[in-house]
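Undergrad:
Protein chains in written order, with the working numbering: chain A, 1 to 930; chain B, 1 to 231.
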């Protein structure tokens with residue numbers, strides 16, 4: 001009778017851990033698309049490995065004496081001006097003949113006139129972005145020529161700088177000088193690459209003009225200078241106007257009209273300098289959007305409005321080559337005057353490759369785009385200046401096919417290397433399909449086309465042309481299948497996997513609830529329908545779960561948890577007044593909740609400073625100046641006093657629980673750790689005069705390391721004691737105190753000085769929860785087994801309290817919310833596993849580790865404990881799993897939401913890690929306690 | 001919930017069961033208080049050209065300072081044990097009740113997460129006075145410092161007689177309404193009424209009205225029930 005349930009109890013948490021892991025693994029495979037960033041870079045000399053002609057084929061002697069350094073392809077433009085207009089919808093630029101007329105259309109008339117005028121070397125493209133359509137991901141995609149995902153493995157957490165090979169990096173490697181102005185995202189992504197940069201802060205969405213005016217101020221003078229090769233100007237006004245006012249608004253139209261005048265001036269300057277010998281003799285102007293926006297100004301997802309942006313390209317050389325109709329993607333409409341207007345289309349994926357080809361630099365290693373024929377044709381007017389005997393189209397095709405050859409070789413190389421070195425590569429079927437396409441094209445190249453290009457005899461023009469066309473078509477087929485594969489791998493969620501994972505989680509929730517209810521029906525418990533407490537628990541848990549369906553509540557999750565916790569506190573207060581007991585505890589609990597909420601507020605202001613979704617409204621203002629001497633004094637003193645208080649609490653706990661033997665020694669060890677922590681903090685502050693202490697004991701790492709060692713020894717002692725004296729010692733109180741205190745000292749140390757105060761508040765609040773346990777039925781059913789039934793409200797309170805502790809200790813669910821500094825408390829050098837463990841302890845210390853291990857403290861002093869403890873752990877697990885299920889449902893619904901990568905996905909990662917950690921700790925705790 | 005029943009010791013235990021208040025009378029009391037709430041809004045809009053959104057603290061001040069005398073006067077007529085406690089004494093203790101109730105409401109709001117900052121202080125104070133007018137003021141006017149009455153009516157939820165129904169149910173309605181009124185606050189709709197304490201006020205007023213309707217219907221049912229019993 002006694003051993004049988006014990007067996008079962010230990011296995012059930014393990015089973016749920018497994019089920020949850022499987023469910024989360026399946027879901028993550030469908031949701032978190034991962035891509036491995038490769039550390040390789042292309043260099044000019046790589047091209048000799050390709051089967052293609054070098055840019056200086058021996059027969060073209062006329063080119064070899066040019067003094068420009070040659071790389072993969074022959075450069076066709078000298079300088080490029082890239083003007084990025086953030087969130088430029090296609091209908092802002094393309095003529096209104098293509099759409100139902102709306103007031104914001106046809107405002108950028110200067111570009112339209114250039115593109116559709118006679119004798120023009122300009123073109124408007126419809127550009128397709130790939131989701132996620134957020135500026136940072138798009139800039140990364142544009143410059144690397146790849147498809148950035150949420151988890152680009154290898155990305156250095158925290159710093160957004162692009163480490164993958166990219167277009168900007170290639171420019172620098174090839175000695176091009178870059179000038180950047182506008183959105184400071186560029187300088188975050190490329191901290192060292194710019195020759196000159198004029199960044200302006202982009203986070204204030206309500207500010208429509210700072211970035212744009214800064215851009216304009218620097219743009220015009222720079223255009224006259226010749227100390228740069230590539231100029232990037234990033235305007236943000238349209239994006240911000242969309243976010244604040246929406247597309248159909250006066251500020252948006254004003255912005256577009258302002259851009260029109262700016263662009264008119266830019267074009268004037270370029271054309272005035274375009275003559276022979278001018279600064280802009282061979283310059284290409286590109287005006288492009290990084291992504292579109294919906295009519296409400298939202299972007300981030302994959303709807304047509306968001307991914308369809310536009311690009312305008314113009315070469316200052318007037319003579320242009322037309323593209324053979326096979327490769328022309330343009331669609332044409334008649335304008336009211338009967339004039340033919342055509343816009344072509346381009347993928348943003350191809351931007352890096354095309355610009356690299358135009359400028360004649362090596363393509364970024366990870367680029368999977370291909371050189372766009374029409375954009376390339378715009379720039380290639382310089383090819384046939386001295387070679388007039390051949391038709392322009394044919395000459396263009398010859399150069400284009402060679403560019404494509406290098407391009408195809410580079411893409412194939414990337415796919416091969418990626419597939420070999422990535423964590424999750426491509427399937428072998430896909431790989432063989434791609435390889436077949438490539439080898440077919442490559443075979444054709446080596447056997448026939450290469451000869452046509454090398455031994456240009458001028459005969460059989462028609463066969464040559466068709467061979468070239470077939471070759472180009474073969475390459476384009478290869479590229480499109482690569483892009484299709486990459487998209488399916490990196491941008492498309494696998495909905496069936498996601499739903500499967502969600503379904504498994506829901507089933508596990510039902511099973512877990514059944515386990516609790518089943519426990520209730522055992523003879524230990526009193527079975528009584530749905531009691532008020534259970535109904536209230538369900539209500540709170542469901543409200544919290546539903547709150548995750550809105551991004552606003554996720555942003556303010558700490559406040560929501562605090563609100564619910566305070567609500568439970570008020571209900572308890574009402575009951576305690578009703579029963580005329582524990583009123584003091586109820587008030588202290590509410591006071592602690594208020595302390596936590598102030599702490600949460602401070603944490604939220606820290607989050608608002610970095611979050612792109614939160615406005616930093618200073619709701620918290622102290623009358624005191626931050627450097628007031630009394631305040632600094634209090635800040636130094638309070639943590640140390642709190643540690644002293646904690647030591648006293650432990651002392652009292654030893655005395656009260658009648659600890660004996662090993663449990664007592666472990667607890668005394670924690671007191672020693674606390675003392676060391678207090679000593680460390682006292683020696684770090686200046687007011688105690690302990691400055692010399694650190695030198696005496698030899699460095700500031702000694703004390704933290706000692707604390708870690710003490711903690712490990714304590715855990716070891718506890719584990720061995722449990723193994724050897726299992727079943728003998730039934731003194732739960734002392735066991736729990738020993739375990740929690742052993743875990744708490746590293747947590748407090750890592751949390752820094754606020755840690756001790758928070759621990760004290762946590763302890764007090766937990767004590768109040770314990771005292772208030774079952775207050776609502778304390779006198780109702782006297783005499784009949786009153787404490788054996790599980791009090792679900794107190795477990796909910798404990799769980800909410802732990803959530804509040806997560807936020808109160810200054811964390812939030814984002815990767816910039818991690819406190820990397822904590823990983824280096826006690827250590828100077830970086831060892832991945834050790835530092836990761838420390839960071840995990842710091843992040844989840846209060847909210848999960850102490851919370852799970854401390855759960856037995858809530859059990860009242862009598863009743864059938866072991867069974868009740870099992871139920872409490874199951875209930876705690878159900879509450880955690882419910883919130884995670886809600887998060888998962890939320891990311892499934894919002895998978896194309898604007899904030900999916902900025903907000904929902906980090907929340908998902910934190911919740912999932914938290915759930916797995918909770919499950920593991922519940923397993924350990926039930927092994928230890930049960 | 002305003003569990004602010006931390007009151008003085010039980011001074012006197014007088015339970016006068018004067019079920020004299022009829023449902024119609026209660027309806028008139030509600031009508032008067034609702035009318036003066038409307039007057040408060042009217043004065044704010046037409047005399048001071050403010051509303052809850054444009055200047056919450058002034059509007060709230062106008063609301064509670066117009067509503068408070070009316071509620072204090074009306075409920076003081078309904079005081080318990082009128083032979084032992086004069087009308088003016090009832091009005092006097094209701095002022096004390098207003099202040100202590102405001103204090104309790106403010107503490108509760110801060111525990112639930114109302115913003116604490118110098119710029120929010122006046123709003124919080126005026127809001128808590130208005131809440132106190134809805135919740136504490138009638139009770140202090142009627143019960144005084146009788147802890148047993150408070151305890152029975154609010155904590156145990158066992159109000160006796162129509163007057164206690166009139167006090168307890170709208171008070172709970174206002175707090176629950178305010179609690180629900182806080183829910184839209186974090187949403188990113190960027191509406192001005194989402195600011196503290198505007199939507200909480202709307203919620204509290206709405207909850208109070210719902211409570212009044214509920215108490216009226218309960219009184220009605222109760223009366224019928226009693227009639228049935230008598231018959």
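Ideal placement from N, C-alpha and C gives every residue a C-beta, glycine not left out.
For residue 135 of chain A, count neighbouring Cβ atoms within 10 angstroms of its own Cβ and tell me buried if that reaches 16, exposed if not.
TA: Buried, by the Cβ-count rule.
Undergrad: What did DSSP end up calling residue 270 of chain A once you bin it into helix, strand or coil?
TA: Correct three-state label for residue 270 of chain A: helix.
Undergrad: For the region 79 to 93 of chain A against the region 403 to 419 of chain A, are there 3 or more C-beta pairs whose distance is under 8 Å?
TA: Taking 8 Å as the limit for Cβ pairs, the verdict is that the region 403 to 419 of chain A does not touch the region 79 to 93 of chain A.
Undergrad: Can you tell me the Cβ-Cβ gap for residue 111 of chain B and residue 594 of chain A, rounded? I've got them flagged as a contact below 8 Å.
TA: Residue 111 of chain B to residue 594 of chain A, Cβ: 5 Å. Contact.
Undergrad: So is residue 182 of chain B in contact with chain A if we call contact Cβ pairs under 8 Å?
TA: True, the Cβ-Cβ gap to chain A drops below 8 Å.
Undergrad: At the 8 Å Cβ level, is residue 112 of chain B part of the contact set with chain A, yes or no?
TA: Closer than 8 Å to some Cβ of chain A, the Cβ of residue 112 of chain B qualifies, so yes.
Undergrad: Between residue 116 of chain B and chain A, is any beta-carbon pair separated by less than 8 Å?
TA: Yes, because at least one Cβ of chain A sits closer than 8 Å to the Cβ of residue 116 of chain B.
Undergrad: Along chain A, which residues have their Cβ under 9 Å away from the Cβ of residue 159 of chain B?
TA: Those do not exist, as residue 159 of chain B stays about 14 Å from chain A at its closest Cβ, beyond 9 Å.
Undergrad: If you drop the 5 nearest sequence neighbours on each side, which residues of the same chain put their C-beta closer than 7 Å to that of residue 115 of chain B?
TA: Hits under 7 Å: 196.
Undergrad: Determine the extent of the beta strand (DSSP E) in which residue 198 of chain A is found, giving its start and end residues.
TA: Per DSSP, residue 198 of chain A belongs to the beta strand (DSSP E) from 196 to 200.
Undergrad: What residues in its chain sit with their C-beta under 6 Å from that of residue 4 of chain B, if we drop five residues either side in the sequence?
TA: Because the pLDDT at residue 4 of chain B is just 37, under 50, the model does not fix this residue reliably, and the point stays unresolved.
Undergrad: When burial is assigned at 16 or more other CB atoms within 10 Å of the CB, is residue 473 of chain A buried or exposed?
TA: By the neighbour-count rule (16 or more Cβ atoms within 10 Å), residue 473 of chain A is not buried but exposed.
Undergrad: Kindly indicate if chain A contains any beta-carbon less than 8 Å away from that of residue 155 of chain B.
TA: With 8 Å as the cut-off, residue 155 of chain B counts as an interface residue toward chain A.
Undergrad: Count the other CB atoms within 10 Å of the CB of residue 156 of chain A; is the residue buried (16 or more) or exposed (fewer)?
TA: Unreliable placement is indicated for residue 156 of chain A, whose pLDDT of 43 sits below 50; no coordinate value is reported for it.
Undergrad: Residue 150 of chain B and residue 139 of chain B - do their beta-carbons sit closer together than 8 Å?
TA: The answer is yes: Cβ separation under 8 Å.
Undergrad: Would you mind working out which of A/81, A/903, A/403 sits nearest residue 229 of chain A, comparing C-alpha positions?
TA: Here the closest residue by C-alpha is A/81.
Undergrad: Exposed or buried, which one is residue 42 of chain B when buried takes at least 16 other CB atoms within 10 Å?
TA: The residue is exposed, with fewer than 16 neighbouring Cβ atoms inside 10 Å.
Undergrad: Here's the rule: buried if 16 or more other CB atoms are within 10 angstroms of the residue's CB, otherwise exposed. What is residue 484 of chain A?
TA: When all chains shown are included, residue 484 of chain A counts as exposed.
Undergrad: With a threshold of 8 Å between beta-carbons, can residue 444 of chain A be considered close to chain B, or not?
TA: No, residue 444 of chain A does not count as interfacial toward chain B.
Undergrad: When the cut-off is 8 Å and only beta carbons count, does residue 92 of chain B lie next to chain A?
TA: Chain A contact via Cβ: absent.
Undergrad: Can you name the residues of chain A whose CB is closer than 9 Å to the CB of residue 188 of chain B?
TA: Going along chain A in sequence order, the residues near residue 188 of chain B (Cβ under 9 Å) are 550, 551, 552, 555, 613.
Undergrad: In three-state terms, what does DSSP make of residue 616 of chain A?
TA: The predicted model places residue 616 of chain A with a pLDDT of 47, which falls under 50 and marks its position as unreliable, so this point remains unresolved.
Undergrad: Would you report the Cα separation of residue 1 of chain A and residue 588 of chain A, rounded to the nearest angstrom?
TA: Any answer about residue 1 of chain A is weak, because its pLDDT of 35 lies below 50 and its placement is not dependable; what the coordinates show is given next. The alpha-carbon atoms of residue 1 of chain A and residue 588 of chain A are separated by roughly 42 Å.
Undergrad: So, with DSSP's three-state summary, where would you put residue 152 of chain B?
TA: Here residue 152 of chain B sits in helix by DSSP.
Undergrad: Under 8 Å between C-beta atoms, does residue 977 of chain A make it to chain B?
TA: Nothing about residue 977 of chain A can be reported from this structure: the residues present for chain A run from 1 to 930 only.
Undergrad: So what's residue 179 of chain A in DSSP terms, helix, strand or just coil?
TA: Looking at residue 179 of chain A - three-state DSSP - the assignment turns out to be strand.
Undergrad: Tell me, please, whether the region 815 to 833 of chain A touches the region 754 to 773 of chain A by the rule of three or more beta-carbon pairs shorter than 8 Å.
TA: No contact exists between the region 815 to 833 of chain A and the region 754 to 773 of chain A.
Undergrad: Any idea what DSSP makes of residue 796 of chain A, helix, strand or coil?
TA: Reduced to three states, the DSSP call for residue 796 of chain A is helix.
Undergrad: Does DSSP classify residue 377 of chain A as helix, strand or coil?
TA: Residue state, collapsed to three classes: helix.
Undergrad: Which term fits residue 221 of chain B, buried or exposed, when burial requires 16 or more other beta carbons within 10 angstroms of its beta carbon?
TA: When all chains shown are included, residue 221 of chain B counts as exposed.
Undergrad: Just to confirm the assignment: which complete alpha helix (DSSP H) runs, minimum length 4, are found wholly within the region 411 to 486 of chain A?
TA: Listed in chain order, the complete alpha helix (DSSP H) runs (minimum 4 residues) inside the region 411 to 486 of chain A are 428 to 444, 450 to 454.
Undergrad: In terms of residue numbering, what span does the beta strand (DSSP E) encompassing residue 830 of chain A cover?
TA: Premise fails: residue 830 of chain A is in no beta strand (DSSP E) and is neither H nor E.
Undergrad: Would you check if the distance between the CB atom of residue 888 of chain A and the CB atom of residue 92 of chain A is smaller than 8 Å?
TA: No. Outside cutoff.
Undergrad: Cβ of residue 207 of chain B less than 8 Å from any chain E Cβ?
TA: The structure shown contains no chain E; its protein chains are A and B.
Undergrad: The region 584 to 603 of chain A: which residues have C-beta closer than 9 Å to a C-beta of chain B, in chain order?
TA: The residues in question are 586, 587, 590, 591, 593, 594, 597, 598, 600, 601.
Undergrad: Assuming the contact rule is C-beta atoms closer than 8 Å, residue 96 of chain A and residue 406 of chain A should be a hit. Round their C-beta distance to whole Å, please.
TA: That pair is no contact at about 40 Å.
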